[in-house]
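All residue numbers for the sequence shown refer to the working numbering, where the first residue is 214 and numbers rise by one.
Glycine included, C-beta positions come from ideal geometry on N, C-alpha and C.
Just so we're clear, the structure is a prediction, and the values are computed from it rather than from any experiment.
I have placed the structure first, in the form of structure tokens, so that the comments after it can refer back to it.
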Amino acid sequence: MTPASQKATNVTWQEGLVSRQDRYQILRQKGATIWFTGLSGSGKSTIAIALERALFRRGKLSYRLDGDNVRLGINKNLGFSEADRTENIRRIGEVAKLFGDAGTISLSAFISPYAADRDEVRRLHEDADLRFVFGLGASPPTEAERRDPKGLYKRARAGEIRNFTGIDDPYEAPANPEIHLRTDRLTVKEEVSAIIGYLERHGIIESGQPDESPSRAGGSVSAERAERGGSAGDAERSADLGDSERRAATGDAG
């Protein structure tokens, strides 16, 4: 991906009176982006949902950027051509960078099939002195297609969907991701525990046990709603129980 050109020439970055370090200090964490990439059905969204909940329990501020969700808003004018996919990832990279500057841990779950696009997002973060971590959903393509949570592989093979990654559009896996997700071998709980350990070892969050009282992190209404049903509830139950069933959430429109 070629870096976007700056069209407006009469703009400058405006500094405020609250620094990034001020925000980090009050939040007791560092801003960062965990970027989950992989085929549809590889487990990216499932892990991101469960990780968001685990961080919430520890009183850590994170926000999940999901492929489907952003296409209902900021990227609603984009399709799935190569150019639109590139712009989709560029915009989300910029959003994630802003979250990081605010001290939030961004959990981005996107197919993001093109290596050049992902590399540009990493560069955006590195230039801003923000941590960026690749998490690769490395389940075998046959397993991802077997899950097929929205029936997209079936429709793509029937010719009903064009430009579908893994069928008639390529996926370029990152060569050296910091985190490998093997949801065909490990439970959601095991995957989330490994990611939490990585964040602790690299100083992004403080070490410590989760606070089981959601009120410390700002109330329990949304958490209780997630527990009652939907993909967030499914992911959390899988993370809590550590069962052998590997679920794949539905948000995969990267």
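N-terminal and C-terminal residue of the beta strand (DSSP E) that residue 224 is part of = Premise fails: residue 224 is in no beta strand (DSSP E) and is neither H nor E.
Which residue's Cα is closest to the Cα of residue 281: 393, 265, 258?
-> 258
What residue from 407, 385, 416, 241 has the CA that sits closest to residue 316's CA?
-> 241
At what residue ranges does the segment 264 to 290 contain a whole run of the beta strand (DSSP E), taking only runs of 3 or more?
-> 275 to 279
C-alpha gap between residue 346 and residue 247, whole angstroms | 5 angstroms
Look up residue 319 in the DSSP assignment and say whether it is helix, strand or coil.
-> strand
Contact set for residue 443: own chain, Cβ-Cβ below 7 angstroms, skip 5 residues either direction | Here the model assigns residue 443 a pLDDT of 39, short of 50, so the residue's position is not dependable and the matter cannot be decided.
What did DSSP end up calling residue 312 once you bin it into helix, strand or coil?
-> helix
Return helix, strand or coil for residue 445, following the three-state DSSP convention.
-> Low local confidence applies: a pLDDT of 42 at residue 445 is under 50, so the model's placement there is unreliable, with the coordinate-based value given in what follows. The answer is helix: DSSP assigns residue 445 an H, G or I state.
Go to residue 409, then tell me how far its alpha helix (DSSP H) extends in each direction, as first and last residue.
-> 401 to 414
So, are the CB atoms of residue 250 and residue 352 less than 8 angstroms apart?
-> no
If you count every other CB in all the chains shown that lies within 10 Å of the CB of residue 220, and 16 or more means buried, which is it?
-> exposed
Taking Cβ positions, are residue 253 and residue 318 nearer each other than 8 angstroms?
-> no
Residue 394 (DSSP reduced to helix, strand or coil) = strand
Integer-rounded CB distance, given that residue 264 should sit under 8 angstroms from residue 308 = In fact, because the Cβ distance is near 18 angstroms, the residues do not count as touching under 8 angstroms.
Where does the unbroken beta strand (DSSP E) through residue 245 begin, and where does it stop?
-> 245 to 251
Under three-state DSSP, which class holds residue 231?
-> coil
Three-state secondary structure (DSSP) at residue 330?
-> helix
Supposed contact pair residue 390 and residue 349 - C-beta distance, whole angstroms, cut 8 angstroms | 4 angstroms
Opening and closing residue of the beta strand (DSSP E) in which residue 343 lies = Unbroken run through residue 343: none, as it is neither H nor E.
Which of the three DSSP states, helix, strand or coil, is assigned to residue 306?
-> helix
Taking the continuous alpha helix (DSSP H) assigned at residue 355, which residues delimit it?
-> 354 to 360
Can you say whether residue 288 is buried or exposed, counting buried as having 16 or more other CB atoms within 10 angstroms of its CB?
-> buried
Where residue 297 falls: helix, strand or coil (DSSP) | helix
Is it the case that the Cβ atoms of residue 302 and residue 330 are separated by a distance below 8 angstroms?
-> yes
Own chain residues within Cβ distance below 6 angstroms of residue 380, not counting five before or after | 369
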